[in-house]
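Position 148 of the sequence shown, counted from 1, bears residue number 1556 in the working numbering, the numbering being contiguous throughout.
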Amino acid sequence: MLDSRAGLLRLDPLRAWRFVAGMVSGLGAVTSPPYDVLEPALVRRLTASDLHNMVRLILPRDPNLGPSRYDEPAERLAGWQRAGVVIQDPRPALYVYEQRLGNAVLCGLVGALALDPLRRVVLPHENVMPHWVDDRLELMEATDADLEPILLAYGDGGAASDAVDAARAGVPWVEAETENGAEHRIWRIEDPATLAVIAAEVAKHEALIADGHHRYAAYLERNRREPARHSTEVGLAMLVDYNRHPLTLDPIHRVVPGLSLATVAARTPSGWEVLPGRVENVAERICVTDGESWVTVRPLNGLEAPMVSLLHSVLLPAWAVETDDIGFHHTLADAVALASPSQAAVELTAPSLDQVLRSASQGIVLPEKATSFGPKPRVGLLFRTL
């Protein structure tokens, strides 16, 4: 059963697993971005970078293999553990993780997040796709591990954020550089007094799920299936104070099979304007291309809802296209590359952080793949086993 302290935001210390530098070509060479942002060319590079790169664990296998498709990653992880390629920290701690790439900085606490099925303090902001929840759950069950931390955001972390900054003044426990030029550093916090201060501060807050909705939903389902197992009451997470260390917020674009520019022109409902070309100086707009031409669709009257919500609730139904096969792409170039006269690419603008926070606090979720918060924590620097 979930802890009686449910209803308070909790990030508990854990004994994290990590790679041993002397057993791999480099700590950065075995890490990976999260599974849902991996493009094929990057997967090939990461797979070639080291036999122990995390893409060999986290990527979905052939669905035709059914429930056994994650047997190989599970056996691979167990082999790494037996060989000492990965080791577990002997003492529990909260981990301060910092990632720097140019002027972009990700910084926060990694630990074991207490689950909140009633959505009182851990607030999702977008819908999930059941097949991806099932996919992540099968990986978690096969490996008996949380390999990829979800990303949480909260504001005004006070004493907890002070503790993060104080830890960063010391010598890092782990350092790595990844193929994209990012520098990663990790510090441990295990002092009981400091951990108590952090726990007391964190318990005052709510946290937004910025990235990892499918993994969080899988955490909840795992606990529902194994309620008597204490280790299923938590899941691996990174908590970031967005006031002290702001996150970026970008859109995720769509590729819509069966949608043409002629349909957009003919079936866009009243209250919207269809303009020729890709109009970039309009904040609230949606642009559509068939790979050669563009049109821009915008509401005539100011609407408070994010454009991604209006796309799914108003425009796609009006255009009468099948939505089950929509593709999602983090970069516009990837979406446009797939556009054709019978398959349109849809460029979205990101909602504001205020819109996302307001929706989440009201219990309103945006459509699936509505936002892309970043930077995202690198997979493989820290992970958790059950």
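Backbone N, C-alpha and C define an ideal beta-carbon position, used for all residues, glycine too. For clarity, every value in this text was computed on a predicted model and none was experimentally measured.
Partner residues in the beta bridge of Glu-1755, as assigned by DSSP, are Cys-1695. The continuous alpha helix (DSSP H) containing His-1539 extends over residues 1538-1551.
For Asp-1762, the uninterrupted alpha helix (DSSP H) segment begins and ends at 1761-1769. Residue pairing of Pro-1421 in beta bridges, as defined by DSSP: absent, with no partner found.
Look at Ser-1440 here: in three-state DSSP terms it is strand. If only uninterrupted beta strand (DSSP E) runs of at least 3 residues are considered, those enclosed by the segment 1588-1652 are 1591-1597, 1615-1619 and 1642-1649. By the Cβ-count criterion, Pro-1442 is buried, with 16 or more other Cβ atoms from all chains shown falling within 10 Å of its own Cβ.
With respect to the 7 Å criterion, Arg-1508 and Glu-1591 are classified as neighbours on the basis of their beta carbons. Of Asp-1698, Val-1530, Trp-1702 and Ser-1678, the smallest CA-CA separation from Glu-1688 is found for Trp-1702.
DSSP, read as helix, strand or coil, puts Val-1428 in coil. Arg-1675 places its beta carbon less than 7 Å from that of Trp-1727.
The straight-line gap separating the alpha-carbon atoms of Ser-1760 and Ala-1691 is approximately 11 Å. Partner residues in the beta bridge of Glu-1583, as assigned by DSSP, are Arg-1593.
The straight-line gap separating the alpha-carbon atoms of Arg-1623 and Thr-1793 is approximately 15 Å.
Annotation for Asn-1535: Val-1773, Pro-1775 and Glu-1776 place their beta carbon closer than 6 Å to its own, counting only its chain and skipping 5 residues before and after.
The DSSP-derived three-state label of Val-1663 is strand. Annotation: the continuous alpha helix (DSSP H) that includes Ile-1466 extends over 1463-1466.
Between Tyr-1478 and the set Val-1722, Trp-1488, His-1533 and Thr-1551, the nearest pair of CA atoms involves Thr-1551. Non-local C-beta neighbours of Arg-1706 in its own chain, meaning closer than 8 Å and more than five positions away in sequence, comprise Trp-1680, Glu-1681, Leu-1683, Val-1687, Val-1690, Glu-1692, Arg-1693 and Ile-1694, ordered along the chain.
Close CB contacts of Asp-1658 within its chain, under the 6 Å cut and outside five residues either way in sequence, are with Ala-1758 and Ser-1780 (chain order). For Thr-1656, the secondary structure class from DSSP, reduced to helix, strand or coil, is strand.
The C-beta of Asn-1472 has fewer than 16 other C-beta atoms within 10 Å across all chains shown, which makes the residue exposed. As the crow flies, the alpha-carbon of Thr-1455 is around 26 Å from that of Ala-1512. In this structure the segment 1412-1432 touches the segment 1596-1615; the number of beta carbon pairs closer than 8 Å is three or more.
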